[in-house]
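Sequences listed follow chains G and H, in order.
FYI, the numbering for the first sequence is 1 to 261, going by this note's numbering.
FYI, the numbering for the second sequence is 1001 to 1261, going by this note's numbering.
In this text, a Cβ means the ideal position worked out from N, Cα and C, and glycines have one as well.
Structure, as structure tokens:
2 protein chains.
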Amino acid sequence: MDQQDSCIVRLFSNYCALSEKDKELLFALEQSPTEVRAGETLWKECDRASEFCTIRRGWAYSYRNLGDGSRQILEIYLPGDIIGMREFAFSQRLSGVTMIDDGVICYFPHRRLLDIFRSSTTLTAVLFAIASRHQVLLTERLVNLARRSAYQRLAHFLYEMYERLGQTDSLSDGHFRLPLSQEQLGDALGLSSVHISRTFSTFREEGLVLRERHRICLVDPLKLAAVAEFDSRYLNDSLRPLFSDIEFKERGGEVNEVRTE
Amino acid sequence: MDQQDSCIVRLFSNYCALSEKDKELLFALEQSPTEVRAGETLWKECDRASEFCTIRRGWAYSYRNLGDGSRQILEIYLPGDIIGMREFAFSQRLSGVTMIDDGVICYFPHRRLLDIFRSSTTLTAVLFAIASRHQVLLTERLVNLARRSAYQRLAHFLYEMYERLGQTDSLSDGHFRLPLSQEQLGDALGLSSVHISRTFSTFREEGLVLRERHRICLVDPLKLAAVAEFDSRYLNDSLRPLFSDIEFKERGGEVNEVRTE
DNA sequence: CGCAGTATTGAAAAATATCAAGAGGGGTGG
DNA sequence: CCACCCCTCTTGATATTTTTCAATACTGCG
């Protein structure tokens, strides 16, 4: 495999221009690829946590099971994502992860992250940026779940997937594959599967979104984003913010701090 | 001010033993203290983001306003917390922050964090651990909002505050001050203030929680934790996990990696 | 004393869940 | 190729939870 094919190198490159050394460091995270099958569980809640992984191919989701038998799907992971960072400070898994599709994942130990902290300020900063972005995504989802109607929640979810997928693949019109059952969508959005079905029916009647098995068509993406009150800043405003500064300093430059007191 | 009084040094010490040099680095973040008044807004959504701050005294909360006039309170910050990390990768604020009490906060520029990355692997790892812990808190809150009844949500919130406060102060029995109106509680829990009131009434009838203005008394904390399905791992399992490893390596030791393939 | 923000309570309305029955679809074994 | 079955989805009826609206009480404060 060429470094150019590395999802993780591509992901990091979104944030910052990388040196060759940085690329090699990153590339090392994607050794020991493992084939996994759709439905396979990478780990369960309460398992010992001492590794992360990157997802090179396929989709996955993380979840938490609740006492009453229901569960919450926390995140949908796409190729290039790093999984398991949540538990960096923990000895146990706090959420399970299972594959949606067949795929390939690459495990690496927590310790490898420390190597990165030690050897590259740039990568460290990018990791921090990624973590910060994750947190923003999570926050946005929290607002979505806490404040919006079922109709808006589903609209928001669909539009978010559309945007995320559009960042790597170019989506012809508003079409994309969404390999999630209505029950899984319900688990992700805090709604019953029945209500998901009804909400899709409403979308169809209004001609806003069409769904056929696992294919979604956003007839009018902008209108969908509007009804969801989708704030696209939280997905798009995270590219190369203050990293020009890093690169500058790394090259030995001096930055005079202008602090407005 | 002595370093021992520094909230942030104390916070970081929870995760890892710190060298003197590390303490000085951290201590430097708490310069330029600013007095702020209850109700004062530190920043609004969409403001330019180029600083973090630590909160040395007082409480604060972050929030997002929504199109329909409602708002979501995202986090409650206590002394020692770092505020604004969410926007590390962003140029704009994605949430506002306002003070609950009078207090003292210390601003420092994003760039100061890069200095830390550059000069201390230990602090970098701790920062990462803190970010990871934040994310876990957020996740737990997300589950709470998405999956639980009003009754459970409020129970969970109260118990979480109880635990967090208990980590710095020792709370006599289940008593603590909670300087939030029922409207603010509603904003935090995705409920109407009316329903918060009703839920407190239920608690009172059951003799589970008493509330008088801004004072809360958890009559039976353990029972409260049980009804909330509170998972205390997510608050307590984050102290000194793999950092013995860091210290070891920092001292020049060699760690042989045992990777189970 | 009066006023503004905050809390309580009741009644009605809205949103969503639950239960139940049936429809469609795709895979598997006969 | 067909029959069957399991799983997912759809739709209707009903139940539950929570919101909204409105009226009234409470509290601290100028």
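Got a sec? Which residues, its chain only, sit under 8 Å from Q1152 of chain H by beta carbon, not counting five neighbours each side?
Here residue 1152 of chain H refers to the residue found at position 152 when the second sequence is read from its first residue. Around Q1152 of chain H: N1144, V1227, A1228 and E1229.
Answer yes or no: do M1085 of chain H and L1042 of chain H have a C-beta to C-beta separation smaller than 8 Å?
Residue mapping note: residue 1085 of chain H aligns to position 85 of the second sequence, counting from 1. Residue mapping note: residue 1042 of chain H aligns to position 42 of the second sequence, counting from 1. In this structure, L1042 of chain H does not lie closer than 8 Å to M1085 of chain H by Cβ.
Output needed for H175 of chain G: all residues of its chain with C-beta closer than 6 Å, excluding positions within five of it in sequence on either side, in chain order.
Residue 175 of chain G sits at position 175 when you count from the first residue of the first sequence. Taken in chain order, the residues that qualify are C217.
By the 10 Å Cβ neighbour count, where 16 or more other Cβ atoms means buried, how is A188 of chain G classified, buried or exposed?
The residue labelled residue 188 of chain G in the question sits at position 188 within the first sequence. Classification for A188 of chain G: buried.
Below 8 Å on the Cβ atoms is my contact criterion, and I expect G103 of chain G with V36 of chain G to pass it. Report the Cβ-Cβ distance as a whole number of Å.
Here residue 103 of chain G is taken as the residue at index 103 of the first sequence, counted from 1. Here residue 36 of chain G is taken as the residue at index 36 of the first sequence, counted from 1. Confirmed, Cβ separation roughly 6 Å.
Let me know if R1204 of chain H comes out buried or exposed under the rule of 16 or more other beta-carbons within 10 Å of its beta-carbon.
On the second sequence, residue 1204 of chain H is found 204 positions in, with the first residue counted as 1. The residue is exposed, with fewer than 16 neighbouring Cβ atoms inside 10 Å.
Spatial neighbours of S181 of chain G in its chain, beta-carbon cut-off 6 Å, leaving aside the 5 residues before and after
Position 181 of the first sequence, counted from the start, is the residue given in the question as residue 181 of chain G. If we look at S181 of chain G and ignore the five residues flanking it on each side, it has no Cβ neighbours.
Amino acids of chain H, ordered along the chain, whose beta-carbon sits closer than 7 Å to that of S234 of chain G
Taking the first residue of the first sequence as 1, we reach residue 234 of chain G at position 234. Before going on, a small fix: residue 234 of chain G reads as Tyr here, not Ser. What Y234 of chain G touches in chain H: L1094.
Would you say T121 of chain G reaches chain H, if we count a Cβ-Cβ gap shorter than 8 Å as a contact?
As a position in the first sequence, residue 121 of chain G is number 121, starting the count at 1. Yes, its Cβ sits closer than 8 Å to a Cβ of chain H.
Contact list for G1067 of chain H against chain G, beta-carbon separation under 9 Å:
Sequence index remark: in the second sequence, residue 1067 of chain H carries index 67 (1-based). Within chain G, the residues near G1067 of chain H are E229.
To the nearest angstrom, how far is the alpha carbon of A38 of chain G from that of C1106 of chain H?
Walking along the first sequence from the start, residue 38 of chain G turns up at place 38. Walking along the second sequence from the start, residue 1106 of chain H turns up at place 106. Distance between the alpha carbons of A38 of chain G and C1106 of chain H is about 49 Å.
State yes or no: is the beta carbon of Y1215 of chain H nearer than 8 Å to at least one beta carbon in chain G?
Sequence index remark: in the second sequence, residue 1215 of chain H carries index 215 (1-based). It is worth fixing the name first, because residue 1215 of chain H is Arg in this sequence and not Tyr. It does not; no Cβ of chain G falls within 8 Å.
Within 10 angstroms of its Cβ, does H214 of chain G collect 16 or more other Cβ (buried), or is it exposed?
For this step, residue 214 of chain G is matched to residue 214 along the first sequence. Exposed, since its Cβ has fewer than 16 Cβ neighbours within 10 Å.
Contiguous beta strand (DSSP E) assignments of at least 3 residues, all confined to the region 62-129 of chain G:
71-77, 96-99 and 103-109
Could you have a look at F1176 of chain H and say whether DSSP puts it in helix, strand or coil?
Mapped onto the second sequence, residue 1176 of chain H falls at position 176. Three-state DSSP puts F1176 of chain H in a strand.
With a CB to CB cut of under 7 Å and the five nearest residues on each side skipped, what residues in its chain are close to L1094 of chain H?
Reading the second sequence from its first residue, position 94 is the one you call residue 1094 of chain H. Excluding residues within five positions, the ones whose Cβ falls inside 7 Å are E1045, R1086 and E1087.
From which residue to which residue does the alpha helix (DSSP H) around L210 of chain G run?
What you label residue 210 of chain G is simply residue 210 of the first sequence in a count that begins at 1. Note, L210 of chain G: premise wrong, no alpha helix (DSSP H); beta strand (DSSP E) at V209 to E212.
What did DSSP end up calling E1229 of chain H once you bin it into helix, strand or coil?
Counting from one through the second sequence, the residue named residue 1229 of chain H turns up at place 229. Here E1229 of chain H sits in coil by DSSP.
Take every Cβ of the region 1062-1081 of chain H, pair it with every Cβ of the region 1163-1170 of chain H, and state whether three or more of those distances are shorter than 8 Å.
yes
For G58 of chain G and D101 of chain G, which I take to be in contact (beta-carbon distance under 8 Å), what is that distance rounded to the nearest angstrom?
The count along the first sequence starts at 1 and reaches residue 58 of chain G at position 58. The count along the first sequence starts at 1 and reaches residue 101 of chain G at position 101. With 8 Å as the limit, G58 of chain G and D101 of chain G qualify as a contact, their Cβ atoms being about 4 Å apart.
For the candidate residues H:R1198, H:D1220, H:E1140 and H:L1224, whose alpha-carbon lies nearest to that of S62 of chain G?
Here residue 62 of chain G refers to the residue found at position 62 when the first sequence is read from its first residue. Minimum Cα distance to S62 of chain G is reached at H:E1140.
Could you spell out where the beta strand (DSSP E) holding R215 of chain G opens and where it closes?
As a position in the first sequence, residue 215 of chain G is number 215, starting the count at 1. Residues R215 to L218.
In whole angstroms, give me the CA-to-CA distance for L74 of chain G and D1237 of chain H.
The residue given as residue 74 of chain G occupies position 74 in the first sequence. The residue given as residue 1237 of chain H occupies position 237 in the second sequence. So the two alpha carbons sit approximately 20 Å from each other.
In the structure shown, what three-state DSSP assignment does E51 of chain G receive?
Position 51 of the first sequence holds residue 51 of chain G. Strand, per DSSP.
What three-state label does DSSP hand R1056 of chain H in the structure shown?
Start at 1 with the first residue of the second sequence, and residue 1056 of chain H comes out as number 56. Correct three-state label for R1056 of chain H: strand.
Can the beta-carbon of I953 of chain H be found closer than 8 Å to that of L1123 of chain H?
Residue 953 of chain H lies beyond the stretch modelled for chain H, which goes from 1001 to 1261, so this question has no answer here.
Of all Cβ atoms in chain G, is any one closer than 8 Å to the Cβ of N1256 of chain H?
Here residue 1256 of chain H refers to the residue found at position 256 of the second sequence. Summary for N1256 of chain H: the model assigns pLDDT 44, below 50, so the residue's position carries little reliability; its value from the coordinates is reported in the next sentence. No, its Cβ sits nowhere closer than 8 Å to a Cβ of chain G.
Listed in chain order, which residues of the region 1098-1112 of chain H have Cβ atoms closer than 8 Å to some Cβ of chain G?
P1109, H1110 and R1111
Helix, strand or coil: how does DSSP classify L42 of chain G here?
Counted from its first residue, the first sequence places residue 42 of chain G at position 42. Strand.
Buried or exposed for Q135 of chain G, going by 16 or more other Cβ atoms inside 10 Å?
As a working mapping, residue 135 of chain G is identified with position 135 in the first sequence. Classification for Q135 of chain G: buried.
Does the distance from the CB of A155 of chain G to the CB of G1190 of chain H come in under 8 Å?
For the purposes of this step, residue 155 of chain G is taken as the residue at position 155 of the first sequence. For the purposes of this step, residue 1190 of chain H is taken as the residue at position 190 of the second sequence. The answer is no: Cβ separation not under 8 Å.
Starting from Q1072 of chain H, find everything on chain G with Cβ-Cβ shorter than 8 Å and list it in chain order.
In the second sequence, residue 1072 of chain H corresponds to position 72, counting from 1. Under the 8 Å cutoff, chain G gives L142, V143, A146 and R147.
Which residues DSSP lists as bridging E300 of chain G, in chain order:
Residue 300 of chain G lies beyond the range of chain G shown here (1 to 261); nothing can be said about it.
Rounded straight-line distance, which links the Cα of F200 of chain G to that of S172 of chain G
The residue you call residue 172 of chain G lines up with position 172 of the first sequence. The residue you call residue 200 of chain G lines up with position 200 of the first sequence. S172 of chain G and F200 of chain G: Cα-Cα distance of roughly 21 Å.
If you run the structure through DSSP and keep just helix, strand and coil, what is N236 of chain G?
Position 236 of the first sequence holds residue 236 of chain G. Of the three classes helix, strand and coil, the one that applies to N236 of chain G here is helix, per DSSP.
Between the CA atoms of L1127 of chain H and Q1072 of chain H - distance to the nearest angstrom:
Taking the second sequence and counting its residues from 1, one reaches residue 1072 of chain H at position 72. Taking the second sequence and counting its residues from 1, one reaches residue 1127 of chain H at position 127. Whole-angstrom Cα-Cα distance: 26 Å.
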